[in-house]
Amino acid sequence: MKTLADLYAQQFKTTFASMLQYRASLVIWMIAHVLEPLVYLIVWSTVSSTVGGSVGDYTTREFAAYFIVMMLVNHVTYTWIMYEYEYRIREGALSFALLKPVHPIHSDIADNISSKLITLPGMLLVAVGLALMFHPAAAFVPWAIAAAVPALLLAFLLRFLLEWSLAQVAFWTTRVGAINHTYFVLILFLSGQIAPLTLFPLPIQAAAAILPFRWMIGFPVELLLGRLTANEALTGIAAQVAWSILGLVLVRIVWRAGVRAYSAVGA
Amino acid sequence: MTSPAIHIHDLHKIYIVSEREAGAIAALQSLVHRRTEKIPAVDGISFDLAPGEIVGFLGPNGAGKTTTLKMLSGLLYPTAGEVTVLGYVPSKRDKAFLRQITLVMGQRNQLVWDIPPMDSFELNRAIYRIPTADYRHTLDELTELLDLRPLLRKPVRNLSLGERMKCEIAAALLHRPQVVFLDEPTIGLDVTMQRRIRAFIAEYNRRFGATVLLTSHYMADVEALCRRVVVIHHGKLLFDGDLSNLVQKFTAHKTIVVQLEDCSADLRSYGEVVSCVDGLFTLRVPRAETAHVTERLLADLPVIDLLVEDSPIEEVIERVFAQEGS
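Those sequence lines, one after another, are chains A and B.
Counting from 1, position 179 in the first sequence corresponds to residue 179 in my numbering; the numbering is continuous, with no gaps.
Counting from 1, position 146 in the second sequence corresponds to residue 146 in my numbering; the numbering is continuous, with no gaps.
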């Protein structure tokens, strides 16, 4: 355990050092992370105020709250591993990872967390600025905010494990772009990124409850905004735990099979 | 007899490669029906390395050297045959095994590009769980041997190719591996840097008793470091033995260099005249006749100087592969 902590600490330092080399690109990434929810925020606020101040169960100011919180949750939970894996395999960086006596997922997790630590203060600042501009409104429910802490951690874990597994597809095909794209469309609609899920038709809501995407983004957002009952919160966390366990199993299976495939064709 | 550090027996690796003709129609056909071809990259080779041995692993491009090194370091599953390194089966990638080996690839880097090598070294310390005292000690030694001190704090991207290679080698050896695989460690480096790295490899081997298997296209590397060489071609073993025996086995000729007054003399009766510059004749004579020809030259001609040489090792190797190819 101690040695693993040492590994994480070193990986933190490495990521910090490399990221700080590229401050401009850091800012550009953050702008991208702000712009997308900002567009949805503006669209939905406009729609809402033209149709009398609310759409479904969201008022104009509740939309503002939803998308500002969503921006933060998305930032905390997103990964870039799916973009990176193909490159790693093609460039042979994976061979070095395979020579090391430690599972490569550890350095990815540490890398991801440390980069978030760097950018999070900036994102919080942006959130405050947006709040001043759009006057969000949400119920303040202390127990829900407390419950949102494990929900957020689980959301990160779940999204990380699934996207890490999916990234391994690069072991079998060098054209991972199509798969990544399909995944992003699914997550855009079924996670509550483009709009709160309660605004979708019931069949889609039912599908979202079964699929993992909602538990990565929409669920912690709704929890933070105090829109869920205690029962719904518990069900959600249970779903997150179940999906995370499934994600862990998936990581193990796909990684083993992937390395086998990689080792068969040439590294 | 101690057990070998590296043991390879009847090792095979067959790559299955999909192939198609050039052009759009062929591309469409390949969508429906993939034609695959089996390419034997390594075709039944066997050899052992004793602990502490440095062996040169030679062969032209595509001979199967890198494939073999990858099977030895656990990156590739063998198609058939037996491989053990320090008693481990590499493809199982046992952590205890990985902690005792290293693979340096001259054309690939493991150092993080944007940060100083020192930070990558620290990361490797954590990955290999090197105790701090050992780490300090090894790092000091490597810094001294490779003259790394001025490089440790510069971002890797600001280092020259040679400087980077030195740091790559240091990063790969921090955990003091017992078995070292070097794939073209001096590729692209200038002569001084090549010599430096060569000297370092010899010193590492001497100090730590590590087993080293080295591929290189620079025969100077091999001549300086390896008494024994293993030569493969088309995935098959051509030669395994002393470097000097390789020369004897594959060269039927020796070179005699004779210094005369000028180039006017006709030496064709002594051997094949390769060249003459300012009276300096280069003759190629059958190995068995060398002594006799030398005697005659000295007796018949006003010889100022005379030298008998083996053909340069590059030429020998070239001839080995040419014979095999024909």
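The C-beta atom is built at its ideal place from N, Cα and C for all residues, glycine as well.
Residues near residue i by beta carbon distance below 6 angstroms, same chain, minus five either side
i                 : result
Ala264 of chain A : none
Leu306 of chain B : Val258
Val212 of chain B : Ile54, Val180 and Asn205
Pro37 of chain A  : Phe67, Met70 and Met71
Val320 of chain B : Phe250
Ile304 of chain B : Gln259
Asp262 of chain B : Gly279
Phe376 of chain B : Residue numbering for chain B in the displayed model covers 1 to 326; residue 376 of chain B lies beyond these limits and cannot be assessed.
Per-residue burial, residue i [other beta carbons within 10 Å of its own, 16 or more giving buried]
i                 : result
Leu260 of chain B : buried
Trp274 of chain A : The displayed coordinates of chain A run from 1 to 267. Any statement about residue 274 of chain A would go beyond what the structure contains.
Pro201 of chain A : exposed
Val259 of chain A : buried
His9 of chain B   : exposed
Thr132 of chain B : exposed
Ser275 of chain B : exposed
Arg176 of chain B : buried
Arg125 of chain B : buried
Glu86 of chain A  : buried
Asp183 of chain B : buried
Ala267 of chain A : In this predicted model, Ala267 of chain A has a pLDDT of only 49, less than 50, meaning its place in the structure is not dependable; the value taken from the coordinates is given anyway. By the neighbour-count rule (16 or more Cβ atoms within 10 Å), Ala267 of chain A is buried.
Trp289 of chain A : Outside the displayed range of chain A (1 to 267) lies residue 289 of chain A, so it cannot be described from this structure.
Tyr352 of chain B : Missing from the structure shown is residue 352 of chain B; chain B here goes from 1 to 326 and no further.
Gln107 of chain B : exposed
Lys2 of chain A   : exposed
Leu35 of chain A  : exposed
Pro203 of chain A : exposed
Tyr13 of chain B  : According to the sequence provided, residue 13 of chain B is Lys. The question's Tyr does not apply to it. It counts as buried.
Thr186 of chain B : buried
Gly247 of chain A : buried
Leu132 of chain A : exposed
Ile233 of chain B : It should be pointed out that residue 233 of chain B corresponds to His in this sequence rather than to Ile. When all chains shown are included, His233 of chain B counts as buried.
Asn109 of chain B : buried
Cut-off 7 angstroms between Cβ atoms - residues of its own chain near residue i, not counting five sequence neighbours on either side
i                 : result
Ser326 of chain B : Summary for Ser326 of chain B: the model assigns pLDDT 46, below 50, so the residue's position carries little reliability; its value from the coordinates is reported in the next sentence. None.
Val273 of chain B : Leu267, Phe281 and Leu283
Pro136 of chain A : Arg61, Ala64, Ala65 and Ile68
Ile194 of chain A : Tyr40 and Leu188
Ala148 of chain A : Pro220, Leu223 and Leu224
Ala233 of chain A : Ala144, Ala147 and Leu223
Asp57 of chain A  : Thr198
8 angstroms CB neighbourhood of residue i in its chain, flanking five on each side removed
i                 : result
Arg93 of chain B  : Gly74
Arg136 of chain B : none
Ile115 of chain B : Pro155 and Val156
Asn231 of chain A : none
Glu309 of chain B : Lys254, Thr255, Ile256 and Val257
Residue i Cβ short of 7 angstroms to the ligand MG heavy atom set
i                 : result
Lys154 of chain B : You won't find the ligand MG in this model; it holds no ligand whatsoever.
| query | When you check each C-beta in the stretch 118–130 of chain B against every C-beta of chain A, which residues fall closer than 9 angstroms? | reply | Asp119, Ser120, Glu122, Leu123, Asn124, Arg125, Ala126, Ile127, Tyr128 and Arg129
| message | Closer than 8 angstroms between beta carbons: that is the criterion. Which residues of the stretch 66–84 of chain B meet it against chain A? | response | Thr67, Lys70, Ser73, Gly74, Leu75, Leu76 and Tyr77
| query | Between the stretch 92–105 of chain A and chain C, which residues of the former have CB atoms less than 7 angstroms from a CB of the latter, in chain order? | reply | Looking at the structure shown, chain C is missing, and the protein chains on hand are A and B.
| request: Anything in the stretch 93–104 of chain B with a Cβ closer than 9 angstroms to a Cβ of chain A? List those residues in chain order, please. | output: Correct list: Arg93, Asp94, Lys95, Ala96, Phe97, Leu98, Arg99, Ile101, Thr102 and Leu103.
| Segment contact, 8 angstroms Cβ cut-off, at least three pairs: the stretch 46–59 of chain A with the stretch 138–146 of chain A | no
| request: For the stretch 218–226 of chain A and the stretch 66–80 of chain A, state whether three or more C-beta atom pairs, one from each stretch, are separated by less than 8 angstroms. | output: yes
| request: Please list the segments of the alpha helix (DSSP H) lying wholly inside the stretch 143–204 of chain A, counting only runs of 4 or more residues, in order along the chain. | output: 177–190
| request: Pull out every residue of the stretch 46–58 of chain A whose Cβ sits closer than 8 angstroms to any Cβ of chain B, in chain order. | output: none
| field | Segment contact flag, the stretch 185–199 of chain B with the stretch 108–120 of chain B, C-beta cutoff 8 angstroms, min 3 pairs | value | no
| Sufficient close CB pairs (3 or more, under 8 angstroms) joining the stretch 94–106 of chain A to the stretch 186–194 of chain A | Short answer: they don't touch.
| request: Taking only runs that begin and end inside the stretch 17–76 of chain A, name each unbroken alpha helix (DSSP H) of 4 or more residues, in chain order. | output: 23–50
| Does the stretch 56–76 of chain B touch the stretch 239–250 of chain A, meaning 3 or more C-beta pairs lie closer than 8 angstroms? | no
| Any 3 or more C-beta pairs closer than 8 angstroms across the stretch 63–74 of chain B and the stretch 31–42 of chain B | yes
| query | Can you give, in chain order, each stretch of the beta strand (DSSP E) that sits fully within the stretch 48–84 of chain B and has at least 3 residues? | reply | Whole beta strand (DSSP E) segments, 3+ residues: 54–58.
| query | When Cβ atoms are compared, which residues of the stretch 104–125 of chain A fall closer than 7 angstroms to chain B? | reply | none
| query | Is it a yes or a no for the stretch 128–148 of chain B touching the stretch 10–21 of chain A, going by three-plus beta-carbon pairs under 8 angstroms? | reply | The stretch 128–148 of chain B, when compared against the stretch 10–21 of chain A, does not touch it at the 8 angstroms Cβ threshold.
| message | Going residue by residue through the stretch 107–169 of chain B, where are the continuous beta strand (DSSP E) segments of at least 3 residues, counting only ones entirely within it? | response | none
| Any residues in the stretch 5–25 of chain A with a beta carbon nearer than 7 angstroms to a beta carbon of chain B? Which ones, in chain order? | Asp6, Leu7, Gln10, Gln11, Lys13, Thr14, Ala17, Ser18 and Gln21
| Three or more C-beta pairs closer than 8 angstroms, one from the stretch 104–124 of chain A and one from the stretch 152–168 of chain A: is that the case here? | yes
| query | Looking at C-beta atoms only, is the number of pairs between the stretch 236–254 of chain B and the stretch 309–324 of chain B that lie closer than 8 angstroms three or more? | reply | yes
| If you measure beta-carbon to beta-carbon, which residues of the stretch 35–55 of chain B are closer than 7 angstroms to chain A? | none
| Three-pair Cβ contact test at 8 angstroms for the stretch 163–179 of chain A versus the stretch 73–82 of chain A | A contact exists between the stretch 163–179 of chain A and the stretch 73–82 of chain A.
| Does the stretch 121–130 of chain A touch the stretch 23–33 of chain A, meaning 3 or more C-beta pairs lie closer than 8 angstroms? | yes
| said: Assess contact between the stretch 160–168 of chain B and the stretch 86–102 of chain B, defined as three or more Cβ pairs (one per stretch) separated by less than 8 angstroms. Is contact present? | reply: no
| request: Closer than 9 angstroms, Cβ to Cβ, to anything on chain A: give me those residues from the stretch 127–154 of chain B, in chain order. | output: Ile127, Tyr128 and Arg129
| task | Could you pull out every unbroken alpha helix (DSSP H) segment of at least 4 residues lying fully inside the stretch 253–306 of chain B, listed in chain order? | result | 290–300
| task | May I ask you to list, following chain order, the residues of the stretch 176–208 of chain A that have a beta carbon less than 8 angstroms from some beta carbon of chain B? | result | Nothing from the stretch 176–208 of chain A brings a Cβ to less than 8 angstroms from some Cβ of chain B.
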